[in-house]
Structures are given as C-alpha cells and as structure tokens.
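Quick notes on the structure that follows.
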Amino acid sequence: MSIAQASPRFQYIPHYKPNQLLCGYGQTAIITGWTVKQSIAKRLEIEEYAVIGNLYSATRGISPLLRNLIANPHVRFLVILNATKEDRNSGSGECLRDFFMKGFTLGKSDTGRDAWIVNSPVTGYIDIEIDGEVLEKLRQSIEVRDARSIEETVQTVKSFYQRQPVEAWGEALTFPVLETMPSILPGTRYGHRIEGKNIAETWVKILHRIKTTGTIRPTGYDGKWQELIDLMAVVTDEPADFYFPEPNYLPIDRAFIEEYISQILDDSPYTEGVKYTYGQRLRSWFGRDQIEQVIAKLIGEIDAASGVMSLWDVKDHEKGGSPCLNHIWVRVVDNELSLTAVLRSNDMFAAWPANAMGLRALQQHIRDAIADRSEYNLTMGPLITLSQSAHIYDDTWENVDKLIANQYERIINQRDFYDPSGNFLIEIEAGQIVIQQTTPGSGEVVACYTGKNPLKIIREICTASPAIIPEHIGYLGIELQKAYDCLKGDRAYIQDR
Ligand SMILES: O=c1ccn([C@H]2C[C@H](O)[C@@H](COP(=O)(O)O)O2)c(=O)[nH]1
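Rendered as structure tokens:
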C-alpha cells in the first residue's frame with residue numbers, strides 16, 4: 001500500500017463540458033485549440049496543470065471556457081496553443097487571447113441575442129448571463145501566454161509551475177445557462193434526399209430539414225444535437241469559383257476555403273497532435289496516391305464503376321478522432337463526372353459547407369486532370385454527399401433558426417416547375433378525366449391515366465411515380481377536382497384556367 005497522499009491544494013471542478021477536459025491539480029489552464037489534448041498531457045505531471053481542453057470555435061467555445069475559469073479562480077495562468085491550420089482558420093485561440101488583451105463590449109450576437117462581444121477581429125461571444133464585472137476581474141487576474149508548438153506549451157507550463165503557488169483571485173462563481181429548445185415536426189428519421197443548385201442554398205434546405213424533423217439526442221460531447229440519419233445532398237450547379245451569397249450567410253468565406261481545399265487535395269506529413277488530414281489519407285496514408293489512381297482508372301476505363309477512394313483505416317477503431325469523411329466515389333455518365341462522398345458523422349451547420357466546397361474542388365481537380373491527360377473533356381456533374389449522422393449541435397440552434405427565418409422561404413420559393421417525374425396534361429374526353437404523363441424534356445407521352453374519381457387517379461399516379469414532388473401532386477389534386485366538377489356540371493374543362 002502506498003502512503004496516503006496529502007489532498008491536492010488546487011482541484012479543478014469542470015462545471016461545463018466536463019467530459020471534454022483533462023483536469024489536474026495546478027494553476028495553469030492549457031487551451032490546445034485543435035491539437036489533441038493528450039499530446040500535451042502525456043508530457044506533464046498532473047500537478048503542473050489545472051486543466052487541458054480544446055477550443056474549436058470562438059462563437060461557441062469561449063463562453064463555457066470562461067464560465068469554467070470563473071468557477072475555478074485558483075487558475076492564474078493560461079497558455080493558448082495555436083499550432084495548426086485549423087486554429088488559424090477558426091481564429092478561436094486568437095479571439096481568446098484578445099479577450100484577455102483587449103476586453104469585451106456589450107453587443108448583439110448574429111441571432112440578435114444580447115451578448116458580450118470580444119474586442120477582436122474574430123467574432124467571439126460570451127453569454128450575457130455572466131456578470132461583466134466578474135469577467136473584467138478574470139481578465140485582470142490571469143497571466144496569458146501564447147505557444148506555437150507542443151514543446152513551447154510544455155515549457156511554458158513548467159515555468160509557471162516553478163513559481164510559488166498564487167492565491168485564488170476571488171470566490172468560485174457560476175451563472176445561469178439559458179436553454180434553447182427546438183419545436184419539432186413529425187417526419188422520417190432515415191434516408192433524406194435534398195437537392196439544390198448550389199452549396200449555399202442546399203445548406204439552408206438541409207438545416208431546415210434537420211431542424212424541423214431531426215431527433216434530439218445527447219452527443220458524445222456533453223451537449224445535445226438534433227440529427228437525421230443518412231441525409232443525401234445533391235448539389236447540381238455549384239460554379240467553379242464557388243457561390244457565396246451576398247451578404248454571405250455561410251459560416252465560411254473565400255479566404256477560408258482557399259486554405260481548406262489544400263487539406264483535401266494536398267498531402268501533408270504526419271504531425272503529432274493532428275489526428276489526420278483528408279489530403280494525407282488520399283495521397284499517401286495507404287502508400288498510394290488514391291486521387292492519381294482514380295484519374296488513371298477513369299482515363300483507362302471511362303465507364304468504370306470502381307473510381308473509389310477510401311479514407312477509413314481499419315486501425316481507426318483503435319483511437320479516438322477518426323476521419324469523418326470516409327469514402328469518395330467518382331463516376332462518369334453521359335460525359336459528366338459526378339462525385340459522391342460518404343461521411344460517417346457530419347456537423348451540418350459548422351462543417352458541411354466547407355466539406356462540400358473542398359469535395360467540389362477535388363471533383364474539379366479530377367475532371368481537369370482527365371481533360372489534360374486524355375481525350376475526355378467531361379462536364380462537371382453533381383456533387384453528392386451522404387452524411388450518416390447529419391446533425392446540428394445545440395449551441396448553434398439559435399443561429400440555425402435565424403438563418404431559416406431569413407433565407408429558407410426565399411430559397412424554397414424559387415420555383416422552376418421542373419419535376420424529374422415529368423408533366424401531366426389533363427383533359428375531359430368521352431365522359432372521363434384523361435391524364436397523359438410526359439417526359440420533362442421533350443414532352444413524349446409515357447403513361448396515361450383515366451377515370452372519374454380524382455382521389456383514385458391521384459393514388460394511381462403516386463403509386464406509379466412515388467418520387468413526384470409534393471407541390472406538384474398538390475397541384476394535380478386541385479386540377480383533378482376542377483376537372484371532376486366540370487364533368488359533373490357538364491362544363492368544358494381547360495387545365496390551369
Ligand atoms: O470534416 C469534418 C470533420 C468533422 N466533422 C464533425 C462531425 C462531428 O460533429 C465532429 C467529429 O466528432 P467525432 O464523430 O469524431 O466524435 O466533427 C465534420 O462534420 N466534418
């Protein structure tokens with residue numbers, strides 16, 4: 001038996017997101033950004049740090065982080081690690097440092113909620129429920145250092161530990177957290193198809209579908225999400241230089257995408273603390289360049305149904321943080337190249353737009369490489385993503401509601417009256433309602449329905465063409481009822497009059 005140890009002088013109590021934090025007995029909090037926190041923890045003694053945690057997003061992550069620091073006033077030192085491309089993209093570490101250096105101001109969040117806004121070029125929110133004076137005291141009481149590498153982080157933490165223990169800066173305090181609850185419509189859980197012309201508009205439709213019909217479940221990250229299973233998004237016409245709406249309601253901009261595309265297209269060496277990059281999985285992880293493989297495959301056999309790239313390694317089960325993007329297929333039909341990607345888990349609010357644009361860039365790269373190296377001058381077909389867990393985290397629900405309120409109706413009401421199930425021409429002939437179904441393009445007749453009972457005819461049409469779009473079948477119902485009334489009243493019927 002070992003001799004009982006004296007109880008530690010400082011003990012970190014994680015009130016918010018407890019399962020995401022590594023807690024210790026020191027006075028230094030370590031914010032690792034996107035770097036894996038274990039890669040720091042394994043180089044330190046537990047007495048040397050108070051807590052180690054990631055900070056992925058400034059809008060969502062800073063508030064719970066500061067709440068925890070206020071509840072643990074023995075934390076007097078903070079090290080912010082800014083080591084990866086993802087950190088630069090998200091700006092979360094920069095924003096946290098700006099909170100301590102430049103302070104915060106009363107303002108409104110994107111969704112119009114009162115909030116403390118960090119004085120920073122990176123947007124960062126702090127819950128208004130937290131007392132401003134306490135936040136100010138926290139700012140004055142903590143010594144903050146930046147670090148660019150794991151090594152620098154470890155050295156800084158150790159140097160703080162060498163100092164004498166410092167008194168807590170105040171009483172431990174907690175402040176109330178407001179919960180936002182969604183209202184949910186009934187709907188199917190498994191298998192959804194959502195189509196749009198570009199990534200931005202498809203995104204709004206996806207968010208609407210999940211937000212209105214998704215199942216609310218606990219996440220693995222101390223919170224909730226709303227999700228649908230197997231959501232397929234078909235983007236038909238994303239332009240080569242990407243469509244960014246004005247004003248831009250996407251969570252990303254052109255500068256971000258330029259950086260992000262290289263994470264999908266380019267190889268990168270293994271780096272400690274970085275779990276994976278998609279480019280690395282595609283270009284070198286399995287000892288082959290899979291992007292080059294599918295280019296060569298299609299040039300040799302343009303009809304091949306084996307243009308497959310795999311990002312999932314069977315060893316991924318043995319570690320946390322496995323790639324979300326698992327599988328990519330490319331396929332040429334009618335001289336157009338489509339790309340389909342399968343994602344095991346997909347944050348549809350914060351990550352899908354970047355995932356989709358990155359994949360679109362890969363699709364373009366493959367098309368262009370085939371055109372450069374062969375006779376095939378393919379056009380760009382649709383980009384299709386299939387997200388198994390298509391989810392929205394609870395800390396973004398408010399933003400999603402606001403976005404849907406501002407954008408969804410306008411997008412859904414851009415009607416082109418195009419239905420892949422075709423058109424329906426309605427007439428009355430010899431005491432019967434006669435409906436001809438034609439192809440959407442050339443208008444060739446493909447089927448004919450006759451009868452007197454509108455409901456029976458509608459059922460026949462739905463049985464034969466179950467993918468008919470909902471608004472179209474509603475329209476047909478109205479027209480058939482009008483035809484029926486004319487038939488009964490012995491009046492002439494003309495469609496759409
Ligand atoms: O390219 C990516 C990488 C990550 N995620 C999201 C999905 C999950 O919300 C979270 C990963 O969590 P795990 O499934 O690894 O626990 O990040 C994406 O949507 N796309």
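Residue numbers for the sequence shown follow UniProt numbering, beginning at 1 and rising by one.
All residues carry an ideal CB built from backbone N, CA and C; glycine is no exception.
Whole angstroms are fine: how far does the CA of residue j sit from the CA of residue i?
i	j	result
ILE210	GLN414	21 Å
ILE457	GLU444	20 Å
CYS448	ASP490	23 Å
MET348	HIS391	6 Å
ILE252	THR105	24 Å
LEU65	ILE80	12 Å
ILE299	ASP316	32 Å
ILE3	PHE160	Confidence at ILE3 is low in this model, with a pLDDT of 41, below 50, so its placement is unreliable and the value that follows should be read with caution. In a straight line, the C-alpha of ILE3 is about 28 Å away from that of PHE160.
TYR260	GLU48	35 Å
VAL166	GLU246	51 Å
PRO269	GLY279	10 Å
residue 498	ILE473	There is simply no residue 498 to check, as the chain begins at 1 and stops at 497 in what is shown.
GLY307	ILE366	11 Å
LEU21	ILE52	6 Å
residue 506	GLN11	The structure shown does not extend to residue 506, since the chain spans only 1 to 497, so no value can be given for it.
GLN293	PHE417	41 Å
ARG9	ALA168	11 Å
PHE175	TRP34	27 Å
MET1	LYS158	Bear in mind that the predicted position of MET1 carries a pLDDT of just 35, short of 50, making it unreliable; the figure below should be weighed with that in mind. Computed Cα separation, rounded: 30 Å.
ASP372	ILE206	35 Å
PRO18	GLU227	23 Å
ASP127	THR277	33 Å
GLU398	HIS208	12 Å
ASN423	GLN38	59 Å
GLY287	GLU375	29 Å
ILE31	ILE13	16 Å
LEU178	ALA350	21 Å
ARG410	ILE468	22 Å
HIS192	LEU343	14 Å
ARG148	ALA83	5 Å
ARG331	LYS197	19 Å
My understanding is that residue i touches residue j, with C-beta atoms under 8 Å, so please give their C-beta distance in whole angstroms.
i	j	result
ILE291	LEU231	26 Å between Cβ atoms; not a contact.
SER345	SER389	5 Å
TYR393	TRP225	5 Å
ILE426	ILE435	5 Å
ARG281	ASP289	About 11 Å; that fails the 8 Å criterion.
VAL36	LYS275	6 Å
ARG15	ASN68	A quick correction: the sequence has His, not Arg, at residue 15. About 6 Å separates the two Cβ atoms, so the contact holds.
ARG189	THR219	Not quite, the Cβ-Cβ distance comes to about 17 Å (not below 8 Å), so this is no contact.
THR202	ALA233	5 Å
PHE242	ILE229	28 Å between Cβ atoms; not a contact.
ASN355	LEU311	Wrong, their Cβ atoms sit about 12 Å apart, outside the cutoff.
At a cut-off of 7 Å, is residue i close to ligand 1 when judged by its beta-carbon and the heavy atoms of the ligand?
i	result
HIS15	no
ASP347	yes
SER322	yes
HIS391	yes
GLY451	no
ASN355	yes
GLY220	yes
ALA351	yes
LEU480	no
LEU403	no
LEU325	yes
Tell me whether the beta-carbon of residue i lies closer than 8 Å to the beta-carbon of residue j.
i	j	result
VAL204	LEU403	yes
ILE199	PRO353	yes
ALA240	GLN364	yes
GLN432	VAL446	no
TYR493	ALA483	yes
GLU272	ILE130	no
residue 502	ILE428	Because residue 502 is not part of the residues shown, which for the chain are 1 to 497, the question remains open.
LEU359	ILE370	no
LEU362	LEU265	yes
Are the C-beta of residue i and some C-beta of chain B separated by less than 8 Å?
i	result
VAL294	The structure shown contains no chain B; it holds only a single protein chain.
Please confirm whether any heavy atom of ligand 2 lies closer than 7 Å to the CB of residue i.
i	result
THR277	What this structure holds is ligand 1, not ligand 2.
Checklist entry - Do the segment 377 to 387 and the segment 335 to 352 meet, that is, are 3 or more Cβ pairs less than 8 Å apart? => result yes
Checklist entry - Are three or more beta carbon pairs between the segment 128 to 146 and the segment 68 to 75 nearer than 8 Å? => result yes
Checklist entry - Quick check: the segment 42 to 50 against the segment 94 to 101, are there 3 or more CB pairs under 8 Å? => result no
Item to check | the segment 81 to 94 / the segment 103 to 118 touching (three or more Cβ pairs under 8 Å) | outcome: no
Next on the checklist: Does the structure place the segment 49 to 64 close enough to the segment 109 to 128 that three or more beta carbon pairs sit under 8 Å?
Outcome noted: yes
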